[in-house]
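Peer 1:
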Amino acid sequence: MVMKPEEIYPGIFKVTQHRSRKIAPPVNIYIIAGSEGLIFDAGYGDNTSLRLVGEAIKYVQSINAKWHISNVLPSHTHPDHFSGLTGLRQHFGITIMLTQKMARVLANPKAYRHSYRLSTLQQYRYSTVFQRISERALQPVFRSMYKRVYGIAFPGSPDRTVCSGEVIAINGFNFDILHGPGHCDDHIMLYDRKEGILFAGDNILRSIYTWLGPPRSDLAQYYSTLAMCLHLPNLQLILSAHGSAIQNPKERIKEIIEYRTLRTKQVYSIVANETDGISFAKLLNILYPRSLQRRWLAKGWIIVTLEYLVNNNILKFEGRKIKANTVDIHAMLKKFLPC
Ligand SMILES: [Zn+2]
1 MVMKPEEIYP GIFKVTQHRS RKIAPPVNIY IIAGSEGLIF DAGYGDNTSL RLVGEAIKYV
61 QSINAKWHIS NVLPSHTHPD HFSGLTGLRQ HFGITIMLTQ KMARVLANPK AYRHSYRLST
121 LQQYRYSTVF QRISERALQP VFRSMYKRVY GIAFPGSPDR TVCSGEVIAI NGFNFDILHG
181 PGHCDDHIML YDRKEGILFA GDNILRSIYT WLGPPRSDLA QYYSTLAMCL HLPNLQLILS
241 AHGSAIQNPK ERIKEIIEYR TLRTKQVYSI VANETDGISF AKLLNILYPR SLQRRWLAKG
301 WIIVTLEYLV NNNILKFEGR KIKANTVDIH AMLKKFLPC
């Protein structure tokens, strides 16, 4: 029996891949039907996930003889979004589209690993020697676990290169490719202005706040991307990579900006309270006193927030100690934050 994908909007179908919930969240794959139909986000690359997308392609093509699903484009190069690329090409003859930036990251495992390497200064500021040694020792274990659970495979060269500013026309839709960094430096989104539909990838999620972490996240860029989305003309509907559709897009974007602003102010206040400065480990402990797991997961957004405040001269590092500059934080943040 063929699993029917959900037609979430006339001509747009959604397939949700489920893996192990703890380490691999459910991810949405969208199929935009047309004579040169597009799969937006490649999802996981294991056999079960690929079979699910294959069945969805078959189903969509069976609805209209003119429909053919020919291309796949990931929103960004996190493993839950690109791992299926190679299998989709191999098993279903789908053409892989990538931006140049994505192609560089996905060229081979070495280039991919390199894109995640922290700078020496970041390593010094945010981790101890012991943490660095144990992380290095555990790396092969994590690598093989991710490869197995996510089905990671590298496509090598793309079949077609696309760039932001380009328009993809499918079955009456005209999708502008928008560069939307912040969560990930090579993140793109698709926007059809006439219908007001935004494929937001991981940038805007309905019920959770997107993960941020170094070295590929950037809070200033994330704020700019959110502001850009907020001002998209005629925005009606957001289809995200995780969770359900967002029917109140502007309200949700404002909520996310407010949440990030609150977190930014919280980090500033903790540092400003410590006149002699504070270490990153202590800051982490104050924010997440109870759970080691939450500390591990949340480390990323705290680093990204610190870098944002340091880059804007609101905080500074003296060695490994973080200190507040004597500024009017509210006036300063007003200058930098979108609302
Ligand atoms: Zn992501």
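Those letters in the sequence shown? Residues 1 to 339, per the working numbering, in order. All C-beta atoms, glycine included, are put in the ideal place defined by N, C-alpha and C. Computed from a predicted structure; not experimentally measured.
1) If you check the beta carbons only, do residue 11 and residue 32 fall under 9 Å apart?
2) Flag residue 211 as yes when its Cβ comes closer than 8 Å to any non-hydrogen atom of ligand 1, and as no otherwise.
3) Do the stretch 199 to 206 and the stretch 236 to 248 make contact, defined as three or more Cβ pairs closer than 8 Å?
4) Going by other Cβ atoms of all chains shown within 10 Å of its Cβ, with 16 needed for buried, is residue 103 buried or exposed?
5) Can you give me the C-alpha to C-alpha distance between residue 121 and residue 127, rounded to a whole angstrom?
6) Please name the residue, chosen from 111, 114, 112 and 75, that lies closest to residue 96 on a Cα-to-Cα basis.
7) State the Cα-Cα distance for the pair residue 271 and residue 36, rounded to the nearest angstrom.
8) Taking any heavy atom of ligand 1 as the mark, which residues have a C-beta closer than 5 Å to it, listed down the chain?
9) Should residue 208 be labelled buried (16 or more other beta-carbon atoms within 10 Å of its own) or exposed?
10) Can you give the Cα-Cα distance for residue 111 and residue 105, rounded to whole angstroms?
11) Please report the Cβ distance between residue 142 and residue 109, rounded to the nearest whole angstrom; I am assuming they are in contact, meaning their Cβ atoms lie under 8 Å.
12) So does the stretch 84 to 96 actually touch the stretch 41 to 59, counting three or more Cβ pairs closer than 8 Å?
13) Would you say the stretch 267 to 281 touches the stretch 321 to 331, given that touching needs at least three Cβ pairs under 8 Å?
14) Short check: CB of residue 340 to CB of residue 34, under 9 Å?
15) Whose C-alpha, out of 289, 222 and 210, is nearest the C-alpha of residue 185?
16) Roughly how many whole angstroms lie between the Cα atoms of residue 139 and residue 145?
17) Using DSSP's beta-bridge definition, name the partner residues of residue 15.
18) Considering residue 167, what are the terminal residues of the beta strand (DSSP E) in which it resides?
19) Where residue 94 and residue 322 are concerned, what is the direct C-alpha to C-alpha distance, given to the nearest angstrom?
20) Check this for me: beta carbons of residue 152 and residue 79, under 9 Å apart or not?
21) Check whether the Cβ atoms of residue 283 and residue 253 sit closer than 9 Å, and answer yes or no.
22) For residue 347, which three-state DSSP category applies?
23) Suppose contacts are defined by Cβ-Cβ distances below 9 Å. Is residue 287 in contact with residue 228 by that definition?
24) Over what stretch of residues does the alpha helix (DSSP H) that includes residue 120 continue unbroken?
25) What are the complete alpha helix (DSSP H) segments, minimum 4 residues, inside the stretch 38 to 95?
26) Closer than 7 Å by C-beta to residue 225: which residues in its own chain qualify, once you throw out the five before and the five after it? Chain order, please.
Peer 2: On the basis of the data shown:
1) Here residue 11 refers to the residue found at position 11 when the sequence shown is read from its first residue. Here residue 32 refers to the residue found at position 32 when the sequence shown is read from its first residue. Yes, these two residues count as a Cβ contact at 9 Å.
2) For the purposes of this step, residue 211 is identified with residue 211 of the sequence shown, where counting begins at 1. Indeed, a heavy atom of ligand 1 lies less than 8 Å from the Cβ.
3) yes
4) The residue labelled residue 103 in the question sits at position 103 within the sequence shown. Looking at its Cβ environment, which holds 16 or more other Cβ atoms inside 10 Å, residue 103 is buried.
5) Walking along the sequence shown from the start, residue 121 turns up at place 121. Walking along the sequence shown from the start, residue 127 turns up at place 127. Spanning the two alpha carbons is a distance of roughly 10 Å.
6) As a first step, residue 96 must be located in the sequence shown, where it is residue number 96. Out of 111, 114, 112 and 75, 75 has the C-alpha closest to the C-alpha of residue 96.
7) Along the sequence shown, read from residue 1 onward, the residue named residue 271 stands at position 271. Along the sequence shown, read from residue 1 onward, the residue named residue 36 stands at position 36. Rounded to the nearest angstrom, the two C-alpha atoms are 53 Å apart.
8) 78 and 202
9) Taking the sequence shown and counting its residues from 1, the one referred to as residue 208 is at position 208. The residue in question, residue 208, is exposed, as its Cβ has fewer than 16 Cβ neighbours within 10 Å.
10) The residue labelled residue 111 in the question sits at position 111 within the sequence shown. The residue labelled residue 105 in the question sits at position 105 within the sequence shown. Distance between the alpha carbons of residue 111 and residue 105: 5 Å.
11) Along the sequence shown, one-based indexing puts residue 142 at 142. Along the sequence shown, one-based indexing puts residue 109 at 109. About 13 Å; that fails the 8 Å criterion.
12) yes
13) yes
14) Residue numbering for the chain in the displayed model covers 1 to 339; residue 340 lies beyond these limits and cannot be assessed.
15) The residue labelled residue 185 in the question sits at position 185 within the sequence shown. The candidate whose alpha carbon is nearest that of residue 185 is 222.
16) Position 139 of the sequence shown, counting from 1, holds the residue named residue 139. Position 145 of the sequence shown, counting from 1, holds the residue named residue 145. Those two C-alpha atoms are separated by around 10 Å.
17) Start at 1 with the first residue of the sequence shown, and residue 15 comes out as number 15. Paired residues: 29.
18) Translated into the one-based positions of the sequence shown, residue 167 becomes position 167. Taken as a continuous stretch (DSSP letters only), the beta strand (DSSP E) holding residue 167 covers 167 to 170.
19) The count along the sequence shown starts at 1 and reaches residue 94 at position 94. The count along the sequence shown starts at 1 and reaches residue 322 at position 322. The alpha-carbon atoms of residue 94 and residue 322 are separated by roughly 49 Å.
20) Reading the sequence shown from its first residue, position 152 is the one you call residue 152. Reading the sequence shown from its first residue, position 79 is the one you call residue 79. Against a cut-off of 9 Å, the Cβ pair of residue 79 and residue 152 comes out as a contact.
21) Numbered from its first residue, the sequence shown carries residue 283 at position 283. Numbered from its first residue, the sequence shown carries residue 253 at position 253. Cβ distance not < 9 Å, so residue 283 and residue 253 don't count as in contact.
22) No information on residue 347 is available, as it lies outside the stretch 1 to 339 that the chain covers here.
23) By one-based count along the sequence shown, residue 287 stands at place 287. By one-based count along the sequence shown, residue 228 stands at place 228. Contact: no.
24) Locating residue 120 in the sequence shown gives position 120, counting from the first residue. Taken as a continuous stretch (DSSP letters only), the alpha helix (DSSP H) holding residue 120 covers 120 to 126.
25) 47 to 63, 79 to 82 and 85 to 92
26) The residue you call residue 225 lines up with position 225 of the sequence shown. For residue 225, where only same-chain residues beyond five positions count, the Cβ hits under 7 Å are 180, 181, 182 and 203.
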